[in-house]
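Participant: If you scroll down you'll find the structure; I have some questions about it.
Here it is as structure tokens:
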């Protein structure tokens, strides 16, 4: 889970980490498919979820479009307050190359969420058993890793927009994959995000060493989060 320095979280995504993740196995459902396998190979811009959220509007989540979405994403990554995301040093072309590699993975996916047509957040989902984080904790069936970078808040949105957005995105991630627990690994120094995670209902886990940072694990049981105020009941 995550976002920017106003209380959300960021995480470093490097090609080296993604390549290491691609070599990992496990994390499949009883049917033999991973939680995110249905998204593998979908073209950029494909809508994977759309719902109306009280206090937000129409929330649409689609596969990241490498041509149309990356310029917006680059502006977010280089904005003040997104240092923990760790991609602000990349050019637009380098950022596109990074996410092009992610686009080719079966168990890691990048999505863009819009509210009433306005881009508001990057959502990265992955199966922990296919990621280095799976080496530092006991992965459980139904675990889903989620990173969120909250971009620009649409004009006129009231205070609390980011919190409602994060709650809604937890529901989106859970309903579209069947996940029962959301796993986060913010930079251990990102105290603002750790507070936000607790506000969402997450339990803080231990600090761990990952290839790009020292992280603090967080665990959010979906059942405890979906009933919180601001979370939509179902997709439309």
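Residue numbers (the working numbering): 8 to 243. Glycine included, each C-beta is placed from N, C-alpha and C at the ideal position.
1) Compute the Euclidean distance between the alpha carbons of residue 85 and residue 139, then round it to the nearest angstrom.
2) I want to know whether the segment 129 to 149 touches the segment 161 to 169 - three or more CB-CB distances under 8 Å.
3) In whole angstroms, give me the CA-to-CA distance for residue 123 and residue 106.
4) Measuring CB to CB, does residue 68 end up less than 8 Å from residue 56?
5) Taking the alpha carbon of residue 181 as the reference point, which residue from 217, 205, 228 and 103 has its own alpha carbon closest?
6) For residue 68, which of helix, strand or coil comes out of DSSP?
7) I need the DSSP call for residue 226, collapsed to helix, strand or coil.
8) If you reduce the DSSP assignment to three classes, tell me which class residue 144 lands in.
9) Is residue 230 buried or exposed, if buried means 16 or more other CB atoms sit within 10 Å of its CB?
10) Spatial neighbours of residue 61 within its chain, please: CB distance less than 6 Å, with the 5 preceding and 5 following residues excluded, ordered by chain position.
11) What did DSSP end up calling residue 112 once you bin it into helix, strand or coil?
12) For residue 126, which residues from the same chain have a beta carbon less than 8 Å from its beta carbon, with the 5 sequence-adjacent residues on both sides left out?
13) Tell me whether residue 193 is buried or exposed, calling it buried when 16 or more other Cβ atoms sit within 10 Å of its Cβ.
14) Judging by CA-CA distance, which residue of 65, 58, 225 and 71 is the nearest neighbour of residue 50?
15) What is the DSSP secondary structure of residue 217, reduced to helix, strand or coil?
16) For residue 215 versus residue 224, is the C-beta distance shorter than 8 Å?
17) If you draw a straight line from the C-alpha of residue 54 to the C-alpha of residue 103, how long is it?
18) Under the three-state reduction of DSSP, which class applies to residue 181: helix, strand or coil?
19) Which partner residues of residue 120 appear in the DSSP bridge assignment?
20) For the candidate residues 117, 203 and 137, whose alpha-carbon lies nearest to that of residue 244?
21) With a 10 Å radius around its C-beta and 16 neighbouring C-beta atoms as the bar for buried, classify residue 89 as buried or exposed.
Facilitator: On the basis of the supplied data:
1) Counting from one through the chain shown, the residue named residue 85 turns up at place 78. Counting from one through the chain shown, the residue named residue 139 turns up at place 132. One C-alpha to the other measures close to 26 Å.
2) no
3) As a first step, residue 123 must be located in the chain shown, where it is residue number 116. As a first step, residue 106 must be located in the chain shown, where it is residue number 99. Their backbone Cα atoms lie some 25 Å apart in a straight line.
4) As a first step, residue 68 is located in the chain shown; it is residue number 61 there, counting from the start. As a first step, residue 56 is located in the chain shown; it is residue number 49 there, counting from the start. Yes.
5) The residue given as residue 181 occupies position 174 in the chain shown. The residue with the shortest Cα to Cα distance from residue 181 is 228.
6) Position 61 of the chain shown holds residue 68. Strand at residue 68.
7) For the purposes of this step, residue 226 is taken as residue 219 along the chain shown, with counting starting at 1. Residue 226: strand per DSSP, three-state reduction.
8) By one-based count along the chain shown, residue 144 stands at place 137. Reduced to three states, the DSSP call for residue 144 is coil.
9) The count along the chain shown starts at 1 and reaches residue 230 at position 223. Counting Cβ neighbours within 10 Å, residue 230 comes out exposed, since fewer than 16 surround it.
10) What you label residue 61 is simply residue 54 of the chain shown in a count that begins at 1. Closer than 6 Å at the Cβ level, and outside the excluded window around residue 61, lies no residue.
11) In the chain shown, counting from the first residue as 1, residue 112 sits at position 105. In the structure shown, residue 112 sits in coil (DSSP, three-state: anything other than H, G, I, E or B).
12) Looking up residue 126 in the chain shown gives position 119. Taken in chain order, the residues that qualify are 76, 79, 119, 120, 158 and 159.
13) Taking the first residue of the chain shown as position 1, residue 193 is located at position 186. Buried, because 16 or more other Cβ atoms sit within 10 Å of the Cβ of residue 193.
14) Counted from its first residue, the chain shown places residue 50 at position 43. Of the listed residues, the one whose Cα sits closest to residue 50 is 71.
15) As a working note, residue 217 is residue 210 in the chain shown. The answer is strand: DSSP assigns residue 217 an E or B state.
16) Translated into positions along the chain shown, residue 215 becomes position 208. Translated into positions along the chain shown, residue 224 becomes position 217. Cβ distance < 8 Å, so residue 215 and residue 224 count as in contact.
17) Numbered from its first residue, the chain shown carries residue 54 at position 47. Numbered from its first residue, the chain shown carries residue 103 at position 96. C-alpha separation (whole angstroms): 20 Å.
18) Taking the chain shown and counting its residues from 1, the one referred to as residue 181 is at position 174. Three-state result, residue 181: helix.
19) For this step, residue 120 is matched to residue 113 along the chain shown. Note: residue 120 sits in a beta bridge opposite 68 and 128.
20) Because the chain in this structure spans residues 8 to 243, residue 244 falls outside the shown range and cannot be described.
21) Residue numbering aside, residue 89 sits at position 82 when the chain shown is read from its first letter. Flag for residue 89 reads buried.
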